[in-house]
Amino acid sequence: MQISIIYCIFLVGFVHICLSASTPEWTGFYNVDNSCDQSKCCCLSEQVKITKPNNAQFLIDANVAGLPCQVQLNGSTTVSVPLPIPQDKSGFQITTNFLGTLNRFTLSADSQYIAHANFDAPECSGSARRAVSNWVGTFNIDDSCNQGECCCLSEQATISKKSDTEYLISARVAGTPCQAQLNGSSTINVPIPAPQAKNGFQITTTFLGTMNRFTLTYDNQYIANVNIQYPRCSGMGRRVDEDKNTASLISSSPILILISFFLFRMIYV
88 MQISIIYCIF LVGFVHICLS ASTPEWTGFY NVDNSCDQSK CCCLSEQVKI
138 TKPNNAQFLI DANVAGLPCQ VQLNGSTTVS VPLPIPQDKS GFQITTNFLG
188 TLNRFTLSAD SQYIAHANFD APECSGSARR AVSNWVGTFN IDDSCNQGEC
238 CCLSEQATIS KKSDTEYLIS ARVAGTPCQA QLNGSSTINV PIPAPQAKNG
288 FQITTTFLGT MNRFTLTYDN QYIANVNIQY PRCSGMGRRV DEDKNTASLI
338 SSSPILILIS FFLFRMIYV
């Protein structure tokens, strides 16, 4: 009897994990590839944001680029287009009119990729990869922070992950106020909360006594630091080490092959 109960608990847990893993998650930020022919098409470009304003539809907000955009969108460089909630392939596929043509959007099983097939004009097809934030690394600091008025991050800053809820900024500082503000110290080690805003790409918190907003670019290469109370104390950092996502992508090439096969099957079957 005891073995049967344990088996049932295991079975329920296993089914729950399998169902959770196969639940489509469309919302988020995606980096768009350059396979759409901009000489012939008005293409989604750079980044795409998908949100769910209600239970009946998704909303695509994106940059667009291409020769036809001038006429097709009256010169606009952005679009905001609603999409129906997917019904095909257990919620992993949407077939609908989009920017005047019939299109099919297919989400990969791990919700990391979207394949976009334009049925009316195949050269206008493309794909997108979910943007995943990676704050950890070393960044070169620019000189836009005014050291005559501010205690500024200087030269380089390193961000490490202390826990799932907290990062640590270790950096050199320079500026007239540092002497009094930090008792003469030229280095800092300051914890900041893990990001919650902008799908993990933005942190708003108190930093060195003032309210600051740190925003990571979607390619994980730059961090913009806006000092909300003292704008002259704002600055920017550029990543020194390679984005760890690149190494991850190379090491997972067999997984990408499986994903490509999955997308091919879903688009054409």
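If you read the sequence shown in the working numbering, its first letter stands for residue 88, the second for the next number, and so on. Here a beta-carbon is modelled for each residue, glycine too, at the ideal position from N, C-alpha and C. The structure presented is a predicted model; accordingly, all values stated were derived computationally and were not measured.
Secondary structure of residue i, DSSP reduced to three states
| i | result |
| --- | --- |
| Q243 | strand |
| C238 | coil |
| G322 | strand |
| C265 | helix |
| P209 | helix |
| D330 | Note on D330: pLDDT 47, under 50, position unreliable in the model; the coordinate value appears next. Residue state, collapsed to three classes: coil. |
| Q174 | coil |
| Q308 | coil |
| C156 | helix |
| G187 | coil |
| F351 | Low confidence applies here, because F351 scores a pLDDT of 46, under 50, leaving its location unreliable; read the following figure in that light. It is helical. |
| G296 | coil |
| N276 | strand |
| K285 | helix |
| G224 | strand |
| E253 | strand |
| S195 | coil |
| A204 | strand |
| K136 | strand |
Residue i to residue j span [Cα, whole Å]
| i | j | result |
| --- | --- | --- |
| G278 | T297 | What sits at residue 278 in the sequence shown is Pro, not Gly. Using only the alpha carbons, I get a separation of about 14 Å. |
| C239 | T245 | 14 Å |
| F206 | I172 | 20 Å |
| V135 | I201 | 11 Å |
| Q268 | Q243 | 20 Å |
| A108 | T302 | A caution first: A108 carries a pLDDT of 49, below 50, which makes its placement in the model too unreliable to give a value. |
| F145 | G162 | 24 Å |
| C156 | P140 | 26 Å |
| C237 | C265 | 8 Å |
| F288 | P318 | 20 Å |
| G178 | S167 | 22 Å |
| R259 | C128 | 48 Å |
| M323 | I315 | 14 Å |
| T138 | L170 | 10 Å |
Proximity of residue i and residue j at Cβ, strictly below 9 Å
| i | j | result |
| --- | --- | --- |
| G153 | D124 | yes |
| S241 | G262 | yes |
| A204 | N184 | no |
| F226 | R300 | no |
| S247 | T274 | no |
| Y305 | N118 | yes |
| N276 | L295 | no |
| I147 | L131 | yes |
| S321 | N307 | no |
*Using 8 Å as the Cβ pair cut-off and three pairs as the minimum, do the segment 227 to 234 and the segment 209 to 219 touch?*
no
*Report yes or no: do three or more beta-carbon pairs, one from the segment 217 to 224 and one from the segment 279 to 290, lie closer than 8 Å?*
yes
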